[in-house]
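Below: the structure, in structure tokens.
Numbering (my numbering), first residue to last: 527 to 1212.
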């Protein structure tokens, strides 16, 4: 076996607040330096050699996971206007085919877009915007071929099948953001957003079909570099709305979708710390906001006078319930709430007050959310539902009668019996006494003797919640005796807004100590042991597992660090990097010494010391715009330099992708198979 790649050290001095730190691997930021790519290729060769003995296992895992997905499958058709829209997959093809049928499901199929054709000859293909014009005759869609989340807009005439000549570059609208492109009601005007040099969506444009994009109307320029911009259309097709946001403040603007020549109006001017969102309903805006309401509340205002002083309360603030969003329909509204760590859906009459009822769900832990539901005038509410043991399901809820109709539950072709698995929820006690929920799933008959392999997953940032969701791939671990756990740690909003606030800025380390407390409980309760426990997280979750591995390496046998944000201080000190300025209110600005010192105390890259560390598989995407490739690469190099054990540190680079990994469904499963093979091997599972 060859030795691991040794990165050359080129000391780079970084001076901040009167102190100097040396970053020997700062040079890796330069992708044009031949040594950078040479080192990445050496890392890939080393990974290939180290993992060679697991190739049969990886192939077996891939075959298992593929056998659990129905390769020829279709989404549940969704009625919009006079058409039923759906996408379908074909066996052996990586990407979906987008289709519709006119008038009836018995009508002939019309293929709108075959992503497999788009992807021919490409190693990466992501469709962002996808919107059919109100008259049904045109399609606007966007594609990213590099994983950089920089999309190009195309416009297709659905009658002729031909493309309009105009092509619009540098647009936003990825899987992480809403919008990208929306139609005005004239079916001739497209609204879209573009990016600045730091890949911040900052401009809204109006384009008239058949004209030169160079002549497009600039409707809005968000010139505050700490704000991002996204755009959407209200469900009733009345307004185009723009959201201007950072991690603590939001502002909404709107213009009539029937009068695209109009200027945007501000719903409520931005006030630092005021977050709000709005849904239109017959001349009113229902507004979810945090004005004197930490857990948010619901108010309503007339479109003519939508400012804060005119907001009338509909649902008051409650200390134990987080109001997460509102969706409006012709005869009813739906409010998404979170209580006790679980989502709940509140349905009421269109005034928000009458005939209030909650949809009841059958399991103690689950995930549920509203599907697109494009029809404004409807009595059906389409939901997504799953749990750790219930496959992904699409449900039509009849608002009038309260009846459920299961439209589809994902089929597991290789066979699946949910009664053979146990899902439960337990609580760990954090270092400050806080009770932290943990969702767990394992195969029935498990013995709690500490000998079980376990994988614990977490995220804990931005107020994002990690709900108990089904994964067919995960059963390749469960069927080998693994316990799978999710730590619902602070930094997310699982238990309300305070849960989020207590895991950010100067309280960020609560996120890590919560996760460590969860690990300790799994060990104490006999689910696993330090020799059998692995942890995994991605992006800010990569920061989580990286920090835990540097704080308590003795607790974990293996770590999967996916696209990890691990060089916190250096990245947050560079405003040219995408997301940096947006996130000062998430992590702090290291130009302030108090924040600098605190971030230095947990930044994984800056806390690597001469001691033993777990086995680590670290991943990156070369084109990742959210966590630059050099953070994971530097992290691996410094760990190898400093550690005092013989455990493996390996780096996987996807040279064609960005933050989300491989774009094709089979390629994605191959990456999962590699992750799982690493765990099975390093936890010595037989």
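We treat Cβ as the ideally placed atom computed from N, Cα and C, and that holds for glycine.
Output the distance between the C-alpha atoms of residue i and residue j, rounded to the nearest integer angstrom.
i: residue 1206; j: residue 1212; result: 8 angstroms
i: residue 1038; j: residue 1073; result: 7 angstroms
i: residue 766; j: residue 792; result: 12 angstroms
i: residue 1195; j: residue 1023; result: 35 angstroms
i: residue 527; j: residue 911; result: Note that residue 527 scores 43 on pLDDT, short of 50, meaning its location in the model is unreliable; the coordinates nonetheless yield the value given after this. Cα to Cα, the separation comes out at about 47 angstroms.
i: residue 683; j: residue 1130; result: 51 angstroms
i: residue 996; j: residue 1018; result: 20 angstroms
i: residue 534; j: residue 1164; result: 11 angstroms
i: residue 928; j: residue 885; result: 8 angstroms
i: residue 553; j: residue 1089; result: 19 angstroms
i: residue 1007; j: residue 685; result: 55 angstroms
i: residue 659; j: residue 546; result: 57 angstroms
i: residue 949; j: residue 1040; result: 21 angstroms
i: residue 590; j: residue 1193; result: 14 angstroms
i: residue 656; j: residue 985; result: 29 angstroms
i: residue 570; j: residue 1135; result: 25 angstroms
i: residue 832; j: residue 796; result: 13 angstroms
i: residue 974; j: residue 822; result: 41 angstroms
i: residue 834; j: residue 816; result: 11 angstroms
i: residue 720; j: residue 1151; result: 15 angstroms
i: residue 701; j: residue 839; result: With a pLDDT of 48 at residue 701, under the threshold of 50, the modelled position of that residue is not reliable, and no figure is offered here.
i: residue 625; j: residue 785; result: 30 angstroms
i: residue 663; j: residue 642; result: 22 angstroms
i: residue 808; j: residue 799; result: 29 angstroms
i: residue 1149; j: residue 586; result: 29 angstroms
i: residue 960; j: residue 829; result: 43 angstroms
i: residue 742; j: residue 669; result: 20 angstroms
i: residue 1167; j: residue 1175; result: 11 angstroms
Opposite residue i in the DSSP bridges: which residues?
i: residue 1142; result: 1085 and 1175
i: residue 934; result: 920
i: residue 1180; result: 1147
i: residue 600; result: 614
i: residue 1018; result: 989 and 1016
i: residue 625; result: 612 and 637
i: residue 853; result: 860
Buried or exposed: residue i, going by 16 or more other Cβ atoms within 10 Å of its Cβ?
i: residue 1127; result: exposed
i: residue 810; result: buried
i: residue 1110; result: buried
i: residue 924; result: exposed
i: residue 602; result: exposed
i: residue 1050; result: exposed
i: residue 1208; result: buried
i: residue 841; result: buried
i: residue 983; result: buried
i: residue 1180; result: buried
i: residue 1201; result: buried
i: residue 1199; result: buried
i: residue 581; result: exposed
i: residue 693; result: exposed
i: residue 747; result: exposed
If you follow the beta strand (DSSP E) that residue i is part of, which residue opens it and which one closes it?
i: residue 545; result: 545 to 549
i: residue 1156; result: Per DSSP, residue 1156 belongs to no beta strand (DSSP E); it is in the alpha helix (DSSP H), 1156 to 1168.
i: residue 707; result: 707 to 709
i: residue 865; result: 858 to 865
i: residue 961; result: 961 to 969
Please state if the CB of residue j and the CB of residue i are separated by a distance shorter than 8 angstroms.
i: residue 1082; j: residue 1158; result: no
i: residue 768; j: residue 730; result: yes
i: residue 606; j: residue 931; result: no
i: residue 494; j: residue 1042; result: The structure shown does not extend to residue 494, since the chain spans only 527 to 1212, so no value can be given for it.
i: residue 710; j: residue 783; result: yes
i: residue 966; j: residue 944; result: no
i: residue 972; j: residue 1003; result: no
i: residue 673; j: residue 1102; result: no
i: residue 1187; j: residue 620; result: no
i: residue 596; j: residue 939; result: yes
i: residue 1096; j: residue 549; result: yes
i: residue 676; j: residue 696; result: yes
Quick one: give me the first and last residue of the alpha helix (DSSP H) that residue i is part of.
i: residue 1074; result: 1066 to 1077
i: residue 593; result: 581 to 593
i: residue 560; result: 560 to 576
i: residue 1051; result: Counting along the chain, residue 1051 falls outside any alpha helix (DSSP H), and DSSP gives it neither H nor E.
i: residue 1097; result: 1094 to 1098
i: residue 869; result: Where residue 869 is concerned, there is no enclosing alpha helix (DSSP H), although the beta strand (DSSP E) it sits in stretches over 868 to 875.
Taking 8 angstroms as the threshold (beta carbon to beta carbon), is residue i in contact with chain D?
i: residue 1004; result: The structure shown contains no chain D; it is built from a single protein chain.
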